[in-house]
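Take a look at the structure set out below.
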Amino acid sequence: MSVVVIGLSHHTAPVALRERFAFAEADIPGALKVLCDSGVAAEAVILSTCNRVEIYAATTQEPAAAFAALKDFLLRRGAETQRAGAGDGCQWQPQPKAAPDSPRLEDRQQPESGGATAPGKGPEAVIYARAEPESLRHLFRVACGLDSLVPGETEILGQLKEAYELARKNHFTGARLNRIFQRAFHVAKHVRTHTNIQRGSVSVASVAVELAERIFSSLAGREVLVVGAGDTGEKVARALRSRGAGRVVIASRTRERAEGLAGELGGRAVPFDHWAEELERMDIVISSTSAPHPILDRARLAPVVERRRGRPLLLMDLAVPRDMDPEVNFLENVYLYNIDDLQTVADGYLKLRREEMARCEKIISENVEALFRQNALAGLAAGRGLNLSNLRKSAQTAD
Amino acid sequence: MTWLTDRHFFLLAVVIYGLSTVYSVFLWRRGFRRDDHVNYFLLLAGFGLHTVAMVQRGFSIAHCPVNNLYEATAFITWTIVAVCLVLGLFRRLRFIGAFAAPVLFAVGVFALMPELDRQPRGPGPEFSGALTSLHAATILLAYGAFGLGAVAAVMFLVEQHDLKFHKLRAVLSLLPPVQRLETIAVRLVFAGFVLFTVGLEAGRYLPRPAGVAYWDDPKVVWSAFLWLVYLALLAARQMFAQRGRRFAYGAVGAFVFLLLTFWGTNLLSRLHHP
Chain A
1 MSVVVIGLSH HTAPVALRER FAFAEADIPG ALKVLCDSGV AAEAVILSTC NRVEIYAATT
61 QEPAAAFAAL KDFLLRRGAE TQRAGAGDGC QWQPQPKAAP DSPRLEDRQQ PESGGATAPG
121 KGPEAVIYAR AEPESLRHLF RVACGLDSLV PGETEILGQL KEAYELARKN HFTGARLNRI
181 FQRAFHVAKH VRTHTNIQRG SVSVASVAVE LAERIFSSLA GREVLVVGAG DTGEKVARAL
241 RSRGAGRVVI ASRTRERAEG LAGELGGRAV PFDHWAEELE RMDIVISSTS APHPILDRAR
301 LAPVVERRRG RPLLLMDLAV PRDMDPEVNF LENVYLYNID DLQTVADGYL KLRREEMARC
361 EKIISENVEA LFRQNALAGL AAGRGLNLSN LRKSAQTAD
Chain S
1001 MTWLTDRHFF LLAVVIYGLS TVYSVFLWRR GFRRDDHVNY FLLLAGFGLH TVAMVQRGFS
1061 IAHCPVNNLY EATAFITWTI VAVCLVLGLF RRLRFIGAFA APVLFAVGVF ALMPELDRQP
1121 RGPGPEFSGA LTSLHAATIL LAYGAFGLGA VAAVMFLVEQ HDLKFHKLRA VLSLLPPVQR
1181 LETIAVRLVF AGFVLFTVGL EAGRYLPRPA GVAYWDDPKV VWSAFLWLVY LALLAARQMF
1241 AQRGRRFAYG AVGAFVFLLL TFWGTNLLSR LHHP
């Protein structure tokens, strides 16, 4: 019995094509049942996320035959399914297109503008299929986040675990897939602890949070001031709140927006003209106004810094043209980052992850080889499937 | 291993601190990104040998080993390593060892100079053993705390500079947050100051050889001066908000002054070097 994988991902297909094959969580047990009943798979797991739809199957058939049957299954389903929509759990993905914060991410070569009419690239062409040991390698790479849009992202591991659990709970996995998936989770954990692949973040909002954590002993109790109505500023404030920052004060020319956001984040809104009065109490200031000239300069900030008695002040100037005079950075205990600086940090993290990928691939290769050897040696023992027919088949086949 | 004297053990410890220094450069080049246990275990090994050296010396003279410059310096470095090991139990503070290693190695090499390890000549003054040990031990612990405070201050200055000027390595490194480094530096200096005060107070009550006035002794004057310097540093921070960089520079400067003048004044002092 060998493990194969077929599917499509953001590497091969635009979202317009992918969504036709997406599985809603409620539909997966049914689909797995069809797969296993048809005999093509003894054990199966279906993984369906915004960026990939994959079927992992332990099959007794020859890989070529299994591929054909699985592709057929997927294509037929794709033809039947209506638009699934990017529903469950897709919001978390840092879709580069939507995020104005990371314009330089090189990974953004996915053909987003696919549209329903994707001439020349039919569904057949975008489905990939892998047999052992490549299927194992693929699974490990996916679990470690190496196959993701942003290398090293961690959400995919959670999704993979959920997909596996769903299949296992409904008894669609057996010894083979159990062992392989457990090993995949183990490798992902190993990679997380022993490499830097998952360190740092590549969106401006999370970079801002990381910066704050480098400066302040603890984010708890830190007060945040958001000046201006920019989108990115709001994202940064949200990110800070989610990491434990204290109260948020919003100052925006559009009063409704300020109050709305303050309500959402559990803070308060102040009239735009009074934002400077808040400076003394604030530890983190995010500004993204559309003012054509700096709203904060050294002369204005210097006395405030004096009164703060040495508490650090993190200023994030997300606006273009800049809201804060660069001279401000030369004041004691002030840390000024503009949008370029934050982007440089994000790029640095991305570069770090790329460098780490080589190490991760090495770890993955070692694990794949070990598993492959184990399977070869284990022979019949590995073929202990769930149904009797498998037991008979494996008794006959030399694994 | 009875043929290995305590100085041999100390030498081995210093060699290990040297290895730790080399490794720390390697960590620095990688930007303190890898959370490495190697350096911690190196320091632990050095500490073990160092402790053996001190215990051996202590037993051989039947006193707390703080009686000459060699012993005193060995004691200071021992306390610095001990504090590094304790702080290093916290993952986020582990890199303090990497910064302390060069100081340990340099001071350790200095301590190994033969002239420093002289047996006290002539009839020893009749010191009450416990009080002398208390005096010497607390003062040396104080120096150790000042030293480590200076190390933390250097880390603070480096990280603060890197963060201010948007250096990537500041964000990628695993060093503690800048604010915490400042807090650690202040606490260490404060702890050192308290120990220093206790030690000096104990020293006032030690019996003196005849004809030696307390305030005439260079070391006493020097110590008083040092005490005032640290008092001023801590007070300035508290009362005049001289925080951040100014305090850090002060802590480093005071400790450098201490290092440079310690041995000189000790040699000149009749109370300490009869």
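Going down the list, the protein sequences come from chains A and S.
For the first sequence, the positions run 1 to 399 when the working numbering is used.
For the second sequence, the positions run 1001 to 1274 when the working numbering is used.
From the three backbone atoms N, C-alpha and C, an ideal C-beta is built for every residue, glycine too.
Since the structure is predicted, the reported quantities are computational estimates derived from the model, not experimental observations.
Under the three-state reduction of DSSP, which class applies to residue i: helix, strand or coil?
| i | result |
| --- | --- |
| N338 of chain A | strand |
| T289 of chain A | coil |
| I284 of chain A | strand |
| I156 of chain A | helix |
| I180 of chain A | helix |
| L225 of chain A | strand |
| I197 of chain A | coil |
| L1271 of chain S | coil |
| L1011 of chain S | helix |
| M324 of chain A | strand |
| A24 of chain A | coil |
| L1131 of chain S | helix |
| A1153 of chain S | helix |
Alpha carbon to alpha carbon, what distance is there between residue j and residue i?
| i | j | result |
| --- | --- | --- |
| R311 of chain A | Y1040 of chain S | 32 angstroms |
| A1185 of chain S | Q1179 of chain S | 10 angstroms |
| C50 of chain A | V15 of chain A | 8 angstroms |
| I158 of chain A | T1077 of chain S | First, the residue type needs correcting, since residue 158 of chain A is Gly and not Ile in the sequence shown. So the alpha carbons of these two residues sit roughly 48 angstroms apart. |
| L304 of chain A | E332 of chain A | Sequence inspection shows Val at residue 304 of chain A; the Leu mentioned does not correspond to that position. Cα to Cα, V304 of chain A sits roughly 11 angstroms from E332 of chain A. |
| V40 of chain A | V142 of chain A | 23 angstroms |
| A131 of chain A | L160 of chain A | 19 angstroms |
| D1006 of chain S | L1140 of chain S | 19 angstroms |
| Y1205 of chain S | T1265 of chain S | 20 angstroms |
| L318 of chain A | H186 of chain A | 40 angstroms |
| V1198 of chain S | L1228 of chain S | 14 angstroms |
| A1072 of chain S | A1136 of chain S | 8 angstroms |
| V408 of chain A | G230 of chain A | No answer is possible for residue 408 of chain A: it lies beyond the span of chain A, which begins at 1 and ends at 399. |
| P321 of chain A | I284 of chain A | 20 angstroms |
| F484 of chain A | P133 of chain A | Any question about residue 484 of chain A goes unanswered here, given that chain A covers just 1 to 399. |
| P1114 of chain S | A1074 of chain S | 13 angstroms |
| Q1056 of chain S | C144 of chain A | 52 angstroms |
| R1243 of chain S | L211 of chain A | 21 angstroms |
Looking at chain A, is there any beta carbon in it that lies within less than 8 angstroms of the beta carbon of residue i?
| i | result |
| --- | --- |
| H1037 of chain S | no |
| V1171 of chain S | yes |
| P1218 of chain S | no |
| V1252 of chain S | no |
| L1163 of chain S | yes |
| V1178 of chain S | yes |
| T1073 of chain S | no |
| T1138 of chain S | no |
| T1183 of chain S | yes |
Could you check where the beta strand (DSSP E) with residue i kicks off and where it finishes?
| i | result |
| --- | --- |
| D317 of chain A | L313 to D317 |
| E54 of chain A | R52 to T59 |
| Y410 of chain A | Nothing can be reported for residue 410 of chain A, as the shown portion of chain A is limited to 1 through 399. |
| R268 of chain A | R268 to P271 |
| S2 of chain A | S2 to S9 |
For residue i, go through chain S and note every residue whose CB falls closer than 9 angstroms to its CB, in chain order.
| i | result |
| --- | --- |
| D72 of chain A | Neighbours of D72 of chain A on chain S: none; closest Cβ ~48 angstroms, over 9 angstroms. |
| S206 of chain A | Correct list: empty, because the minimum Cβ distance to chain S is about 12 angstroms. |
Quick one: which chain A residues come within Cβ less than 7 angstroms of residue i?
| i | result |
| --- | --- |
| G1244 of chain S | G310, E332 and N333 |
| P1114 of chain S | Within 7 angstroms Cβ-Cβ: nothing; P1114 of chain S doesn't reach chain A, min ~46 angstroms. |
| L1188 of chain S | In chain order: nothing, as chain A lies at least about 16 angstroms away. |
Using beta carbons (cut-off 8 angstroms, strictly below), is residue i in contact with chain S?
| i | result |
| --- | --- |
| E327 of chain A | no |
| F216 of chain A | yes |
| L313 of chain A | no |
| E210 of chain A | yes |
| L352 of chain A | yes |
So which residues of chain A does residue i contact, with C-beta pairs closer than 8 angstroms?
| i | result |
| --- | --- |
| H1166 of chain S | Y337, D341, T344 and V345 |
In chain A, what lies closer than 9 angstroms to residue i by C-beta?
| i | result |
| --- | --- |
| L1093 of chain S | Under the 9 angstroms cutoff, chain A gives no residues; its nearest Cβ is about 12 angstroms from L1093 of chain S. |
Looking at the secondary structure, which residues open and close the alpha helix (DSSP H) in which residue i lies?
| i | result |
| --- | --- |
| V320 of chain A | Taken as a continuous stretch (DSSP letters only), V320 of chain A belongs to no alpha helix (DSSP H), as it is neither H nor E. |
| E256 of chain A | R255 to L265 |
| E43 of chain A | It is not in any alpha helix (DSSP H) - E43 of chain A instead sits in the beta strand (DSSP E) that spans E43 to S48. |
| A251 of chain A | A251 of chain A -> not in any alpha helix (DSSP H); beta strand (DSSP E) instead, spanning V248 to S252. |
| S1223 of chain S | P1218 to F1240 |
| T1183 of chain S | V1178 to R1204 |
| S206 of chain A | V204 to I215 |
For a contact meaning CB atoms closer than 8 angstroms, what does residue i contact in chain S?
| i | result |
| --- | --- |
| G348 of chain A | L1168, V1171 and L1172 |
| E213 of chain A | P1177 |
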